[in-house]
Every structure is written in C-alpha cells, then in structure tokens.
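Participant: Chain order of the listed sequences is A and B. If you're matching positions, the first sequence starts at 1 in the working numbering and goes up one per residue. If you're matching positions, the second sequence starts at 1 in the working numbering and goes up one per residue. Dropping the structure in here first, questions after.
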Amino acid sequence: MADVEQSEIDPNAPVTKISTPIELKYHFTAGRAASRFMRGLMKKKILGQRCPSCLKVYVPPRGSCASCGVPTEEEVELPPKGIVTTYCIVNVPFYGQKIKIPYVTGTILIDGADIGFMHLLQEVEAEEVRMGMRVEAVWQDDSEMVPGLESIKYFRPTGEEDAPFEEYKEYV
Amino acid sequence: MREVAVVSFAQSKSVRRADDQNEVEMLMPVVSQAIANSGVPRKEIGFTISGSCDYLGGVPFAFVSGLDAVGAWPPITESHVEMDGAWALYEAWVRLQHGDIDSALVYSFGKSSLGDISQVLSQQLDPYYLAPLWPDSVSLGAIQTRSWLDSGHSEKELAQLVSRNRQFASTNEHSQITKLIDPETYLAKPYIIEPLRIDDCPPVSDGACALVLVAGDRAKACSTRLAWIKGIDHRSEPHSLGVRDLSISVSTKQAGKNCGALDIRADICELHAPFSAQQAILEEALGIDESVIVNPSGGALCANPVMAAGLIRIGEAASRIINGEANCAIAHATAGPCLQQNLVCVLEGGN
Ligand SMILES: [Zn+2]
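If you want it as structure tokens, here you go:
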C-alpha cells in the first residue's frame, strides 16, 4: 500500500484492504518427558518411553501413549542407531538453507523404537539413500551440544546390510 | 428432549505457570480421573470433544496434540471447539440428543502462561476496528467495570464480592488464589487500571478439566446421584463493544430465560466472571438474590485457566450436586470480550 501514489487515492472510494500486523511472543514448554529426552541428547543418550499398555516405545517421548491415552513412565535408553524408513531428497533452495543441495532428510527409526523422527542424512550420495538403510548418529562436538536433536549432527550409513522390509513395514 | 447428566468431573489445580508440564501432561490425569469416576469404560465413550484455543500457545492445531491424552485408537468420534470447554459440552449435549450414543467425554485445557494473555485475548476482537489497537483484556475489564459503577453501583459492593469469593476460594484445593482479603484491605489498595484493583482481576492460570456426560437410562446405571442438565442455552451479543451497554448482560438474561434458569430456585450458582464487576452483572441478569450461594468455588476471579474456566463452572456446580451439597444449581460460562457470549445451564440432582 505504501507504494501507491498519494494522488491515486480517491478519498471517497471504499476501503477494500487493510494491513494489521500481529506479533505475539510465547514461552514454549516442552513438557517433562520431552525435557528429559532433550537433556539426554546432551549426554549422547537417546531416551524413549514405553507405553505400559501397548508396550510401544516412543522416541521422542511425549509423556503419554497417543493410542492408549495413558501416561508413559518407563524410560528406555536406545542405541544411537536405526534404519531409514522413508526419505526425501531436497533439491529446492530456500531462504535460510544451511546445507548444500541436493541433500537428504530421512525418517529414522531408532532400534527398539516404535516411531521414527526426522533427521538429516550425510556422508552418503543422495541417490544411494534407500529405505531400510542402516544408519548411526554422528554427534556434535562436545562444545556444540545443546538440549535438542541438533546435538546429533546427522545420521550416516553404518555399511551393514539393509533391514528387510518386514522389519519396518509397520512404520512406513 | 433426551435427559443428559454430568456423572463425573475432574480438574487440575490452577497454577500460575505449569512450567514442567505440557498441555497433554496437564490434561491426562484429569481425563483419566473423569473417565474412571464415570464408570463408563473408556472404549465405550461415544463422543469426545474438547475446547481450547490455539492462540494461547501460539501453535496451530494445538488441540490435535491434546488428543494424546484420551487414547484415540482405534479411531474415536471426536470434535473440537475453539472456545471455552462449556461450548464443547453444549455440542456434546446436542450430539447426545441424536439418540445413537449414550456417553460423551468433554475436556478443556489452557496454559495462559505461555504468552502475554491480556495481549493474546485482544486478538479475539473484531479484526478491523479494535484488534489493530491491541486493547488488552484488563483495560477492557476496566471499561466494563466503570460502566457498571456508573450505572449506580459502588466499589464497596466490589469489596464485599471479592472478599466473599476469596473466602470460598480459601477452601477450594483447586483454586490458585486462596488468600483471604477483607473489604477494608481491598478498598485501601491502589488501582492498577482505574477502577480496577489487582483483586478485581483474574490470575494468569494454567489448568485443565474434564467431565463425562451420560444420557437416559445409561446414566441412571452409572450412579445413584447425578447432576441432570435440565436446560442449557447460549446467546451472543454484537462483537463491537461500542454498540453494547456493558453494565448489563442481555445475552445472559436471554440464555437464562431459555434454559429455565430464571424460573427456578437454585441453591448454588457458578458464574464465569473473570472480573469482579462481571459477577455482579451476571447475578443481576439471572435474578440471583441473596438466598443463592454464588461461586462457592471462588470463581474465575481466583483461578482462571482460559478456555477451561467456563467448563469448570459447570463441573463445580455438578460436583456439588453429585456430593449432595446442593440440589439445584445454575452454571454459567462466558466467551469473548466483556461478556460477549454467554452460556447458562440448569443442573438438578437425582437419579
Ligand atoms: Zn499404548
């Protein structure tokens, strides 16, 4: 609106558009379970929680089992290894992009977990990434560790044999 | 009409900042408790509905994560209102009228502490004329209080009202403010925004609540003492504050008339009034006289988890009926700026 010439504005014309910027600031609460998970990452530990009812393991834990609607209190430490259940090759540049394209983002199902989370895949050519590929976490340098998934720099292939589809078909 | 009863109610203690708990962690114990006390097995609940507001946490579709607390697998029939949970209860009540299901879980939650709640609430105003000015909810409360005082009331009445609510709140384990205040101490306090003193305003609260509704014979099988919803209605007034007389509540009176609240003699009454003068305005609209105990919980003036505080009023009234303290109650919930929209229901004890 600012670039409209003053002379073009007809004072009697109906107003058809206004701009009302909104800015609200929030204090985010991760919650008890997610806080333990994030602090665990700083110590290079992947902490999940097991549902007492269906026995599924949530990573990251949410403090509850969404299927059963019960609190998940049993903590389970899992290895920093898993499999790629699905992935996406990013070819589109966007503002704030930190990694050179093309790169690969994958859903990583940690061994022993029943839900995957998204992370970056590196030390592998984009065209070589595949479903069932076994990967391991590469941690940040000790000085770079933060309470969050950024403490894992990325996942890289372990070179082990791919997981058979049957092993993860429930999670795709 | 199909008879529907509140069979159980649970609420969290309201706190200034539930820092270590996210919404689901706050909600889950109350949902579990309400279901357990209802006697209806979780998997048999026919309808689930929540009331919450995404603006409180600044997260779009925040209510979806709230479903983690209820166990939505195998898939459940579920709905949500971007309003106080009292309106979720209204939808559940309508849903139960269909006759094909017998029970409903209604819950609501709000963490008012995540943002600046008085600023967040300004975004519910009309987006063209008022919201761009960012009038905060406390200032609007002050305008309404001024309007009420100018219509022939005094600050002494507010002093009495606040003091009485605090007395009730001091024995309510779920209340946030429990400190007593006598009318003289109140009057000696400075204004924060004239004519409001700090004690005329609600605290910033985080909290959650849940209740279970059951219809007809199925309800009778749940318990020997139930809080039957004898009438329920909600009415709305214009969005623009400038076209309303803020010293009265026309929509409360209409809703009260339509649900039968004006024709009954209630023992207790739970009014959702975040600001002290609003409680007086509501009492007048519903013709509440001194024989009725108003806000035996202490009211929203002493614990105000936004989006849950209205449903808590219905739950508080129902609980007092279920435990035999009262036989007939009026419960009220409000939404929008300065009592814009109001819901009134009549509850009666029985089996
Ligand atoms: Zn489970």
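Glycine is no exception: its CB is placed at the ideal position from the N, C-alpha and C atoms.
1) Which residues, in order along the region 55 to 72 of chain A, keep a beta-carbon less than 8 Å from a beta-carbon of chain B?
2) So for V104/A, helix, strand or coil by DSSP?
3) Going along the region 127 to 139 of chain B in order, which residues come within less than 7 Å of chain A, judged by CB to CB distance?
4) Any C-beta of chain B within less than 8 Å: which residues of the region 11 to 34 of chain A qualify?
5) Given that a residue counts as buried once 16 or more other Cβ atoms are within 10 Å of its Cβ, and exposed if not, what is P74/B?
6) What do you reckon, are the CB atoms on L262/B and L271/B nearer than 7 Å?
7) Consider the C-beta atom of C51/A and the heavy atoms of ligand 1; say whether any pair is separated by less than 6 Å.
8) How should T158/A be labelled, buried or exposed, when 16 other C-beta atoms within 10 angstroms of its C-beta is the threshold for buried?
9) Using a Cβ-Cβ distance cut-off of 7 Å, determine whether N22/B contacts chain A.
10) Classify F47/B as buried or exposed, calling it buried when 16 or more other Cβ atoms lie within 10 Å of its own Cβ.
11) Please classify F165/A: is it buried, with 16 or more other beta-carbons within 10 angstroms of its beta-carbon, or exposed?
12) So, does the region 337 to 344 of chain B touch the region 239 to 254 of chain B, judging by three or more C-beta pairs under 8 Å?
13) Within 10 angstroms of its Cβ, does S14/B collect 16 or more other Cβ (buried), or is it exposed?
14) Below 8 Å on the Cβ atoms is my contact criterion, and I expect V162/B with Y186/B to pass it. Report the Cβ-Cβ distance as a whole number of Å.
15) If contacts are defined as beta-carbon pairs under 8 Å, then G354/B and A104/B qualify, I think. What distance do you get, rounded to the angstrom?
16) For the beta strand (DSSP E) that R39/A lies in, which residues bound it at each end?
17) Against chain A, with Cβ distances strictly below 7 Å, would V44/B count as a contact?
18) Residues of the region 73 to 90 of chain B in Cβ contact with chain A at a cutoff of 9 Å, in chain order, please.
19) Which value, in whole angstroms, describes the spacing of the CA atoms of S151/B and I193/B?
20) Please report whether the beta-carbon of D206/B lies at a distance below 7 Å from any beta-carbon of chain E.
21) Please indicate yes or no: does the CB of S65/B lie closer than 6 Å to some heavy atom of ligand 1?
22) If you draw a straight line from the alpha carbon of E3/B to that of W228/B, how long is it in whole angstroms?
23) What's the gap between the Cα of L167/B and the Cα of G299/B?
24) Applying the criterion that 16 or more other CB atoms from any shown protein chain within 10 Å of the CB defines a buried residue, is S143/A buried or exposed?
25) R244/B: buried (16+ other C-beta within 10 angstroms of its C-beta) or exposed?
26) Going by the DSSP bridge assignment, what does M118/A pair with across the sheet?
27) Can you find the residues in the same chain that come closer than 6 Å, C-beta to C-beta, to P274/B, ignoring five residues on each side of it along the sequence?
28) Quick check: is any heavy atom of ligand 3 less than 6 Å from the C-beta of S67/A?
29) How many angstroms separate the CA atom of S12/B from the CA atom of G132/A?
30) With the cut-off set at 7 Å, would you say S85/B and S108/B are in Cβ contact?
31) Taking S297/B and N172/B to be in contact with their CB atoms under 8 Å, please state how far apart those CB atoms are, rounded to whole angstroms.
32) Which residue wins for smallest C-alpha separation from K45/A, given the options A137/A, Y154/A, F94/A?
33) Chain A beta carbons: is any one of them nearer than 7 Å to that of G298/B?
34) Does D150/B have its Cβ less than 7 Å from a Cβ in chain A?
35) Would you check if there are 3 or more beta carbon pairs closer than 8 Å linking the region 17 to 30 of chain B to the region 219 to 228 of chain B?
36) Where A131/B and E125/A are concerned, what is the direct C-alpha to C-alpha distance, given to the nearest angstrom?
Facilitator: Taking the definition as stated:
1) R62, G63, S64, C65, A66, S67, C68, G69, V70, P71
2) strand
3) P127, Y128, A131, P132
4) I18, T20, I22, L24, K25, Y26, H27, F28, T29, A30, G31, R32, A33, A34
5) exposed
6) no
7) yes
8) exposed
9) yes
10) buried
11) exposed
12) yes
13) buried
14) 6 Å
15) The requested residue 354/B does not occur in the structure, where chain B is confined to residues 1 to 351.
16) Not the beta strand (DSSP E): R39/A falls in the alpha helix (DSSP H), residues 32 to 42.
17) It is Glu, not Val, that sits at residue 44/B in the sequence shown. Closer than 7 Å: no.
18) W73, P74
19) 19 Å
20) No chain E appears in the structure shown, which is made up of the protein chains A and B.
21) no
22) 7 Å
23) As written in the sequence, residue 167/B is Gln, which differs from the Leu given in the question. Those two C-alpha atoms are separated by around 11 Å.
24) exposed
25) buried
26) T107/A
27) P202, A300, N304
28) The ligand content of the structure shown is limited to ligand 1, which means ligand 3 is not among them.
29) 44 Å
30) It is Gly, not Ser, that sits at residue 85/B in the sequence shown. In this structure, S108/B lies closer than 7 Å to G85/B by Cβ.
31) 5 Å
32) A137/A
33) no
34) no
35) no
36) 51 Å
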